[in-house]
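*Asks:* Take this structure, written in structure tokens, and hold onto it; I'll ask about it next.
2 protein chains.
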Amino acid sequence: MDITSWQSQLRKGAAELVVLSLLRQGERYGVELLDKAGGAGGVLSDGTLYPLLTRLEREGKIVARWVMADDARIPRKYYTLSADGEMLVAEMQRTWFEFSAFVTGAIEESAHDRPTAARGRTIPASTG
Amino acid sequence: MDITSWQSQLRKGAAELVVLSLLRQGERYGVELLDKAGGAGGVLSDGTLYPLLTRLEREGKIVARWVMADDARIPRKYYTLSADGEMLVAEMQRTWFEFSAFVTGAIEESAHDRPTAARGRTIPASTG
DNA sequence: CACGATAGATTGGTATGCAAGGTATTCTCT
DNA sequence: AGAGAATACCTTGCATACCAATCTATCGTG
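One line per chain: the protein sequences are R and U, in this order.
UniProt numbering applies: residue 1 is where the first sequence begins, and numbers increase by one.
UniProt numbering applies: residue 1 is where the second sequence begins, and numbers increase by one.
Here it is, written out as structure tokens:
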């Protein structure tokens, strides 16, 4: 696996957390979320975002309304957290801190220690 | 989706990083890796670990040898990083720090700010 | 010889990211 | 009017990793 596909694995789950966290700041529409979360080092592309928003709405975690803003040419679909979504994002954030602390911990230990060899005889490969 | 399945999504990719990081500390065998990475708040179960190790070996990122240790009843398969693996894990660790900083950043902004509403007219749902 | 512990491995189901492609609207330029 | 670009939302099909359940094999104990 190359590092690029690995990164897209790493993003799994994170998109949901980031989108919900952004909605915690206030009402947002699709392209706005893409701007905030999709840029350099970002975690989101539009082929990921829209199915995600649809799913979260279906699950009742977020609520949508179409808005014809005065400065906008095209109607936008604005999303807000539901009460359910607020609880979910709080729990996800707690989980994230535990999880990232664990991974960072594993990395940082590896920076100090140096390899040691296992004691014992290596078993020769069978010649058959 | 419940929070448990979400956590397993979050783990995608992280298992590889954690295993490679643990191998950076020295030679390890399967069950040992499970002890270090699989416990409470961990990122690894055995059904994940063994296919992962097989893949990493096939890709030449790690090297395995069977060891008949004096204190062990059953042969163990010990893994070490290859030169390729060392380079990979270094790059993955850099990627991880960028990624986790981004996600944590999104979360922390959401803690300060409070919701604001979009200006404009809500478009009534069509009655059809 | 049944049972549990240790150790490694496989299978099948599931969920997600995302490239590629699509629809629709509005504005600009000619 | 027509072409093209920008904005905005949406869908399809594929690749891939995680993991519960299950399996094989060895060794020690009762």
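We treat Cβ as the ideally placed atom computed from N, Cα and C, and that holds for glycine.
Bear in mind the structure is a predicted one, so any value in this text is a computation, not a measurement.
Skipping 5 residues on each side, what residues in its chain have a beta carbon closer than 6 angstroms to that of L56 of chain R?
*Replies:* On the first sequence, residue 56 of chain R is found 56 positions in, with the first residue counted as 1. Taken in chain order, the residues that qualify are I62.
*Asks:* For V18 of chain R, go through chain U and note every residue whose CB falls closer than 7 angstroms to its CB, in chain order.
*Replies:* Sequence index remark: in the first sequence, residue 18 of chain R carries index 18 (1-based). What V18 of chain R touches in chain U: V103 and A106.
*Asks:* Between the beta-carbon of L10 of chain U and the beta-carbon of L81 of chain U, is there less than 7 angstroms?
*Replies:* Translated into positions along the second sequence, residue 10 of chain U becomes position 10. Translated into positions along the second sequence, residue 81 of chain U becomes position 81. No, Cβ-Cβ distance for L10 of chain U and L81 of chain U is not below 7 angstroms.
*Asks:* Tell whether a beta-carbon distance below 7 angstroms holds between A64 of chain U and Y50 of chain U.
*Replies:* Taking the first residue of the second sequence as position 1, residue 64 of chain U is located at position 64. Taking the first residue of the second sequence as position 1, residue 50 of chain U is located at position 50. For A64 of chain U and Y50 of chain U, no; Cβs fall outside 7 angstroms.
*Asks:* So who's on the other strand from M68 of chain U, going by DSSP bridges?
*Replies:* Here residue 68 of chain U corresponds to residue number 68 of the second sequence, with the count starting at 1. R:R121, per the DSSP bridge assignment.
*Asks:* Taking only three categories from DSSP, how would you classify I107 of chain U?
*Replies:* As a first step, residue 107 of chain U must be located in the second sequence, where it is residue number 107. Residue state, collapsed to three classes: helix.
*Asks:* I believe I123 of chain U touches W66 of chain R by the beta-carbon criterion, under 8 angstroms. Please report the beta-carbon distance rounded to the nearest angstrom.
*Replies:* The count along the second sequence starts at 1 and reaches residue 123 of chain U at position 123. The count along the first sequence starts at 1 and reaches residue 66 of chain R at position 66. Sure, about 4 angstroms apart at Cβ, within 8 angstroms.
*Asks:* Would you tell me roughly how many angstroms separate the C-alpha atoms of M68 of chain U and D84 of chain U, rounded to the nearest one?
*Replies:* In the second sequence, the residue the question calls residue 68 of chain U occupies position 68. In the second sequence, the residue the question calls residue 84 of chain U occupies position 84. If I take the Cα positions, the gap works out to 27 angstroms.
*Asks:* With DSSP run on the structure shown, which of helix, strand or coil describes G128 of chain R?
*Replies:* In the first sequence, residue 128 of chain R corresponds to position 128, counting from 1. The predicted position of G128 of chain R is uncertain, since its pLDDT is 39 and thus under 50; no value can be drawn from it.
*Asks:* Give the range of the beta strand (DSSP E) segment to which K77 of chain U is assigned.
*Replies:* Working through the second sequence from its first residue, we reach residue 77 of chain U at position 77. Start and end: R76 to L81.
*Asks:* Could you check if F97 of chain R is buried or exposed, using at least 16 other CB atoms within 10 Å of its CB as the buried criterion?
*Replies:* Taking the first sequence and counting its residues from 1, the one referred to as residue 97 of chain R is at position 97. Per the 10 Å Cβ criterion, exposed.
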